[in-house]
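Protein chains in written order, with this note's numbering: chain A, 188 to 353; chain B, 87 to 252. In this text, a Cβ means the ideal position worked out from N, Cα and C, and glycines have one as well.
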């Protein structure tokens with residue numbers, strides 16, 4: 188595949204993604220017609236032409252044929268490599284366009300990690316406060332029983348003393 | 087004999103242990119460090135069924151959220167089933183799972199699923215409502231208590247989902 192069909196070229200130009208890493212051309216029977224690009228960079232080993240694409244690239248299972256354009260953001264096939272996958276239909280064929288998203292991922296991940304960590308900390312703080320509140324209630328209850336016990340004991344002691352001395 | 091290929095989605099709120107469950111199932115590894123997932127991580131695993139047949143799981147570990155966004159909805163296309171993961175130590179993640187199930191069903195129709203009550207190794211922090219669990223079990227839902235840390239029911243969860251789908 189040396190040239191994209193005009194519609195696919197237009198599509199690539201119309202989107203604001205970073206560099207395209209690889210492109211797959213798949214026919215209406217899910218057979219890989221051609222591919223080009225650096226798939227190894229994304230953790231995908233070499234593909235075989237004229238064979239079913241879903242048996243080679245499991246992630247396309249259930250995705251084909253694409254009637255509308257499907258955009259899958261931040262897809263990772265291998266640790267440390269991330270891609271935006273665009274599955275575009277054109278004249279009964281499907282083009283799978285893979286754009287590098289590794290740099291964008293790292294920024295997004297850092298931000299999301301901080302948000303989630305903060306949410307977890309807030310939740311744990313709430314759990315601790317609830318536990319503390321329960322403990323306080325228990326302590327108050329114990330104090331109440333203790334005081335009642337002391338009063339009872341003092342009263343019985345006083346009664347015993349009265350009997351003895353009067 | 088041709089190996090069946092099935093797309094499975096891991097769904098649930100953030101930090102419930104979806105990535106850890108996949109890591110345990112696929113690579114037999116576990117890390118206590120929480121690293122939030124952005125987008126989706128795709129893994130594959132060949133599973134042998136009790137009847138001797140094999141099924142290839144294409145595992146889509148989707149970024150955690152309490153609701154389904156347009157981005158996450160696009161990952162669900164073609165899924166044959168899903169695992170709904172709950173953090174047993176965080177009650178709000180149970181409600182998220184219930185909401186997510188409805189959203190997923192709206193998106194891809196009724197598909198086999200199992201609810202995983204994860205982090206069973208943290209029993210002293212367990213927050214699950216036994217009555218709510220019993221109610222869902224009575225409705226015919228499949229629930230499993232799992233631990234990605236010690237491996238409890240991890241293989242079983244995927245196997246049972248495979249059996250529900252075949």
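Across which residues does DSSP place residue i in a beta bridge pair?
{"i": "residue 126 of chain B", "result": "A:262 and B:148"}
{"i": "residue 280 of chain A", "result": "A:277"}
{"i": "residue 142 of chain B", "result": "B:91 and B:132"}
{"i": "residue 231 of chain B", "result": "B:203"}
{"i": "residue 257 of chain A", "result": "A:274"}
{"i": "residue 230 of chain A", "result": "None, per the DSSP bridge assignment."}
{"i": "residue 162 of chain B", "result": "None, per the DSSP bridge assignment."}
{"i": "residue 268 of chain A", "result": "A:265"}
{"i": "residue 286 of chain A", "result": "A:207 and A:271"}
Mind checking which residues open and close the beta strand (DSSP E) that includes residue i?
{"i": "residue 222 of chain A", "result": "219-224"}
{"i": "residue 96 of chain B", "result": "90-98"}
{"i": "residue 204 of chain B", "result": "199-204"}
{"i": "residue 251 of chain A", "result": "It is not in any beta strand (DSSP E) - residue 251 of chain A carries neither H nor E in the DSSP assignment."}
{"i": "residue 209 of chain A", "result": "207-213"}
{"i": "residue 173 of chain B", "result": "167-173"}
Quick one, are the C-beta atoms of residue i and residue j less than 8 angstroms apart?
{"i": "residue 145 of chain B", "j": "residue 129 of chain B", "result": "yes"}
{"i": "residue 170 of chain B", "j": "residue 97 of chain B", "result": "yes"}
{"i": "residue 272 of chain A", "j": "residue 282 of chain A", "result": "no"}
{"i": "residue 174 of chain B", "j": "residue 101 of chain B", "result": "no"}
{"i": "residue 94 of chain B", "j": "residue 165 of chain B", "result": "yes"}
{"i": "residue 133 of chain B", "j": "residue 245 of chain B", "result": "yes"}
{"i": "residue 154 of chain B", "j": "residue 124 of chain B", "result": "no"}
{"i": "residue 135 of chain B", "j": "residue 248 of chain B", "result": "yes"}
{"i": "residue 210 of chain A", "j": "residue 230 of chain A", "result": "no"}
{"i": "residue 160 of chain B", "j": "residue 99 of chain B", "result": "no"}
{"i": "residue 247 of chain A", "j": "residue 257 of chain A", "result": "no"}
{"i": "residue 200 of chain B", "j": "residue 222 of chain B", "result": "no"}
{"i": "residue 292 of chain A", "j": "residue 261 of chain A", "result": "yes"}
{"i": "residue 176 of chain B", "j": "residue 220 of chain B", "result": "no"}
{"i": "residue 245 of chain A", "j": "residue 197 of chain B", "result": "no"}
{"i": "residue 264 of chain A", "j": "residue 206 of chain A", "result": "no"}
{"i": "residue 255 of chain B", "j": "residue 104 of chain B", "result": "Given a span of 87 to 252 for chain B in the structure shown, any question on residue 255 of chain B remains unanswerable."}
{"i": "residue 193 of chain B", "j": "residue 162 of chain B", "result": "yes"}
How far does the alpha helix (DSSP H) with residue i in it reach, from first residue to last?
{"i": "residue 245 of chain B", "result": "240-251"}
{"i": "residue 338 of chain A", "result": "289-352"}
{"i": "residue 108 of chain B", "result": "104-113"}
{"i": "residue 186 of chain B", "result": "178-194"}
{"i": "residue 117 of chain B", "result": "No alpha helix (DSSP H) contains residue 117 of chain B, which DSSP labels as neither H nor E."}
{"i": "residue 241 of chain A", "result": "240-243"}
{"i": "residue 209 of chain B", "result": "Premise fails: residue 209 of chain B is in no alpha helix (DSSP H) and is neither H nor E."}
{"i": "residue 202 of chain A", "result": "Where residue 202 of chain A is concerned, there is no enclosing alpha helix (DSSP H), given that its DSSP letter is neither H nor E."}
{"i": "residue 219 of chain B", "result": "216-224"}
Among the options, which residue has its Cα nearest to the Cα of residue i?
{"i": "residue 216 of chain A", "options": "A:195, A:230, A:198 and A:250", "result": "A:250"}
{"i": "residue 192 of chain A", "options": "A:269, A:248 and A:280", "result": "A:280"}
{"i": "residue 113 of chain B", "options": "B:184, B:156 and B:241", "result": "B:241"}
{"i": "residue 208 of chain B", "options": "B:238, B:195 and B:227", "result": "B:238"}
{"i": "residue 213 of chain A", "options": "A:243, A:207 and A:342", "result": "A:243"}
{"i": "residue 252 of chain A", "options": "A:302, A:314, A:278 and A:265", "result": "A:278"}
{"i": "residue 110 of chain B", "options": "B:193, B:205 and B:213", "result": "B:205"}
{"i": "residue 126 of chain B", "options": "B:158, B:142, B:143 and B:137", "result": "B:158"}
{"i": "residue 266 of chain A", "options": "A:255, A:254, A:289 and A:285", "result": "A:289"}
{"i": "residue 220 of chain A", "options": "A:306, A:299 and A:238", "result": "A:238"}
{"i": "residue 305 of chain A", "options": "B:92, B:115 and B:122", "result": "B:122"}
In the region 302-314 of chain A, which residues sit with their C-beta less than 9 angstroms from some C-beta in chain B, listed in chain order?
-> Residues of the region 302-314 of chain A with a Cβ closer than 9 angstroms to any Cβ of chain B, in chain order: 302, 303, 304, 306, 307, 310 and 314.
Determine which residues of the region 104-135 of chain B have a Cβ less than 8 angstroms from any Cβ of chain A, and write them out in chain order.
-> For the region 104-135 of chain B, which is checked against every Cβ of chain A, the residues closer than 8 angstroms are 120, 121, 122, 124, 125, 126, 127, 128 and 130.
For the region 238-254 of chain A, which residues have a beta carbon sitting closer than 8 angstroms to at least one beta carbon of chain B?
-> If you check each beta-carbon in the region 238-254 of chain A against every beta-carbon of chain B, the ones closer than 8 angstroms belong to 241, 242, 245, 246, 248, 249 and 250.
Using Cβ-Cβ distances below 8 angstroms, what residues of the region 198-231 of chain A are close to chain B?
-> Correct list: empty, as no residue qualifies.
Listed from N- to C-terminal order along the chain, which residues in the region 164-182 of chain B have their beta-carbon within a distance smaller than 9 angstroms of any beta-carbon of chain A?
-> With the criterion set as a beta carbon lying under 9 angstroms from some beta carbon of chain A, the members of the region 164-182 of chain B are 164, 165, 166, 175, 176 and 178, in sequence order.
Which residues, taken in chain order from the region 267-287 of chain A, show a beta carbon closer than 8 angstroms to some beta carbon of chain B?
-> Listed by position, the residues of the region 267-287 of chain A near chain B (Cβ gap below 8 angstroms) are 269.
What residues from the region 338-353 of chain A come within 7 angstroms of chain B, judged by C-beta to C-beta, listed N to C?
-> Within the region 338-353 of chain A, no residue has a Cβ that lies closer than 7 angstroms to any Cβ of chain B.
Contacting positions in the region 227-250 of chain B - beta carbon closer than 8 angstroms to chain A = So the list is empty, because no residue satisfies the distance condition.
Taking a cut of 7 angstroms between CB atoms, which residues from the region 254-265 of chain A lie near chain B?
-> Contact annotation: in the region 254-265 of chain A, residues whose CB is within less than 7 angstroms of a CB in chain B are 257, 258, 259, 260, 261, 262, 263 and 264.
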